[in-house]
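In UniProt numbering, the protein residues as written are 1 to 541.
Just so you know, even glycine gets a beta-carbon here, dropped at the ideal spot from N, CA and C.
Step one of this worksheet: look at the structure below.
The following block contains the structure:
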């Protein structure tokens with residue numbers, strides 16, 4: 001024992017005044033612990049722990065969507081999806097196949113369009129199965145560890161994607177399914193962590209954390225284009241997987257379920273969060289209060305489901321088949337095809353942020369509040385106009401190209417915050433329960449689009465005229481979903497908002513309801529729209 005440590009022990013044992021004032025954390029047991037403690041103390045002078053949690057959640061969403069969409073770009077080089085159309089194969093593809101045979105490394109795998117569609121659907125199948133499970137029970141399992149384990153598993157599987165692709169098709173299908181399953185566990189669990197760290201009065205200041213969704217979407221296509229320019233497609237999976245592994249380890253080390261469990265949070269910040277957030281009810285209890293037998297019989301609920309379904313259909317369609325369409329049908333290079341696919345999502349992020357912030361800044365002004373059904377005007381911009389722009393191609397001798405698709409998808413930025421706000425207008429009490437169910441239904445469009453487009457292109461081949469009908473059909477779904485809501489949708493509070501289901505004993509009728517609303521305090525997410533507004537925005541004077 002050194003002189004300094006003996007002096008420290010002597011002071012602790014023989015000085016009553018010092019014993020009562022020395023903090024146990026100040027005892028330098030070893031150099032590593034001392035450095036770690038001092039580092040966090042100096043770092044947290046200006047940076048709050050909840051800000052670090054927000055940054056980690058932003059990066060988490062970013063990496064989820066990188067893993068989700070990277071296959072859409074890499075599939076162009078990794079699979080020969082047009083093997084049935086020998087007359088459409090260009091000289092470059094044939095030369096690449098011959099070079100691969102000479103080197104013994106087959107970069108092109110013989111998959112037809114139906115198999116590619118199944119691979120695209122695998123991720124969404126796993127996601128739709130897992131999301132409702134962890135949305136209801138994730139808080140009981142410990143959301144921090146759920147996110148860390150799921151993220152680590154997804155990163156490892158992403159690194160194993162090239163090997164599984166070379167080995168067997170169904171092994172790759174399983175890998176993609178589990179990756180979607182992990183994403184379905186991560187997203188609701190990160191929301192549950194954020195519930196404990198962000199006070200209601202600060203929620204609109206933390207909406208940037210959800211921008212990782214759209215940011216990750218357009219950055220994926222740019223990153224994959226760079227990978228294909230400097231290397232080969234397996235490297236793209238290694239990069240995304242490695243990034244997610246590093247993020248998962250960092251997440252477990254610096255994020256906790258709630259402020260009380262964080263070892264280095266300041267007393268001032270902990271007191272502030274405890275006093276402003278209050279008690280957090282389990283999500284399962286909140287969901288159980290919703291009168292679902294009344295909700296499912298409500299026309300307003302189903303029109304909102306249809307509205308979000310058409311919106312998700314169009315966005316997911318471009319994410320999945322944009323690079324493939326631009327490179328194989330429109331004959332752009334893989335680099336140009338990826339950049340063109342990324343452009344509308346970048347515009348969505350910029351336009352959506354400006355539009356949402358402007359709307360929530362002025363929506364409490366008297367002149368704005370006098371406008372009836374204001375949200376329906378947004379639907380005209382986000383659903384009706386983009387749908388009409390592309391559907392017009394059916395009547396003209398043109399094929400939807402980059403310009404038309406980019407404008408149409410960029411206009412959907414008006415609907416990025418639409419579903420959550422409409423859920424709040426229909427039912428402020430059960431807003432998050434409604435939004436979760438509607439988002440799960442909307443994400444099933446990824447399964448349907450993948451399988452249907454794969455079957456159509458396999459049966460009728462990848463000709464420009466075939467893709468003309470495909471894109472026009474996608475736009476028709478978007479258009480019809482908007483028109484249905486404009487005609488039958490509602491934007492007023494529903495009668496069932498003031499009822500909640502009561503858990504009763506056997507002798508009491510379980511269908512009996514009482515007027516005793518239980519507000520939902522969960523901050524949920526938009527699966528396809530990353531920029532959200534706070535439902536608790538203060539009025540502007």
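Handout entry: Same chain, Cβ closer than 7 Å to residue 444, neighbours up to 5 away in sequence not counted
Key = Along the chain shown, one-based indexing puts residue 444 at 444. 128.
Exercise for the section: Starting from residue 79, follow its DSSP beta bridges and name the residues at the other end. Expected result: Looking up residue 79 in the chain shown gives position 79. Looking at the DSSP assignment, residue 79 forms a beta bridge with 109.
Problem - residue 118 versus 468, 140, 176 and 67, residue with shortest Cα-Cα distance - result: Start at 1 with the first residue of the chain shown, and residue 118 comes out as number 118. The candidate whose alpha carbon is nearest that of residue 118 is 176.
Practice task
Flag this pair as yes or no: are the beta carbons of residue 179 and residue 157 separated by less than 8 Å?
Solution key: In the chain shown, residue 179 corresponds to position 179, counting from 1. In the chain shown, residue 157 corresponds to position 157, counting from 1. Cβ distance < 8 Å, so residue 179 and residue 157 count as in contact.
Handout entry: Straight-line Cα distance separating residue 197 from residue 339
Key = For the purposes of this step, residue 339 is identified with residue 339 of the chain shown, where counting begins at 1. For the purposes of this step, residue 197 is identified with residue 197 of the chain shown, where counting begins at 1. Near 36 Å, if we compare the C-alpha coordinates of residue 197 and residue 339.
Handout entry: Nonlocal neighbours in the same chain, by C-beta distance under 7 Å from residue 68, ignoring five residues either side
Key = Here residue 68 is taken as the residue at index 68 of the chain shown, counted from 1. The answer, listed in chain order, is 123 and 183.
Problem - Run of the alpha helix (DSSP H) containing residue 243, from where it starts to where it stops - result: For the purposes of this step, residue 243 is identified with residue 243 of the chain shown, where counting begins at 1. Here the alpha helix (DSSP H) through residue 243 covers 233-254.
Problem - For residue 298, three-class secondary structure by DSSP - result: Against the chain shown, residue 298 aligns to sequence position 298. Residue state, collapsed to three classes: coil.
Handout entry: Neighbourhood of residue 159 by C-beta, 6 Å cutoff - its chain only, sequence neighbours within 5 removed
Key = The count along the chain shown starts at 1 and reaches residue 159 at position 159. Same-chain partners within the cutoff: 238 and 241.
Handout entry: Spatial neighbours of residue 250 in its chain, beta-carbon cut-off 6 Å, leaving aside the 5 residues before and after
Key = Indexing the chain shown from 1 puts residue 250 at position 250. So no residue of the chain qualifies.
Handout entry: Spatial distance of residue 120 from residue 341 (CA atoms)
Key = The count along the chain shown starts at 1 and reaches residue 120 at position 120. The count along the chain shown starts at 1 and reaches residue 341 at position 341. Cα-Cα distance, rounded: 17 Å.
Exercise for the section: Count the CB pairs spanning the region 368-377 and the region 395-404 that are closer than 8 Å, and state whether there are at least three. Expected result: no
Handout entry: Segment contact flag, the region 399-417 with the region 255-266, C-beta cutoff 8 Å, min 3 pairs
Key = no
Practice task
Whole angstroms is fine: what's the gap from residue 495's alpha carbon to residue 293's?
Solution key: In the chain shown, residue 495 corresponds to position 495, counting from 1. In the chain shown, residue 293 corresponds to position 293, counting from 1. Looking at the two C-alpha atoms, the distance is approximately 13 Å.
Exercise for the section: Kindly indicate the opening and closing residues of the alpha helix (DSSP H) around residue 224. Expected result: Position 224 of the chain shown holds residue 224. First-last of the alpha helix (DSSP H) with residue 224: 212-230.
Handout entry: Span separating the alpha-carbon of residue 428 from that of residue 259
Key = Mapped onto the chain shown, residue 428 falls at position 428. Mapped onto the chain shown, residue 259 falls at position 259. C-alpha separation (whole angstroms): 27 Å.
Practice task
Could you pull out every residue in the same chain whose Cβ sits closer than 8 Å to the Cβ of residue 209, ignoring the five residues on either side in sequence?
Solution key: Against the chain shown, residue 209 aligns to sequence position 209. The answer, listed in chain order, is 54, 55, 57, 58, 61 and 194.
Exercise for the section: Compare the C-alpha of residue 485 against each of 331, 456, 168 and 422 and name the closest. Expected result: In the chain shown, residue 485 corresponds to position 485, counting from 1. Answer by Cα proximity: 422.
Problem - Backbone secondary structure at residue 482 - three-state DSSP - result: Along the chain shown, read from residue 1 onward, the residue named residue 482 stands at position 482. Three-state DSSP puts residue 482 in a helix.
Practice task
Can you tell me which of 481, 78, 309 and 247 puts its alpha carbon nearest to the alpha carbon of residue 231?
Solution key: Here residue 231 refers to the residue found at position 231 when the chain shown is read from its first residue. When only C-alpha atoms are compared, the closest one is 78.
Problem - Length-filtered (4 minimum) alpha helix (DSSP H) runs lying within the region 344-403 - result: 366-369, 374-379 and 385-391
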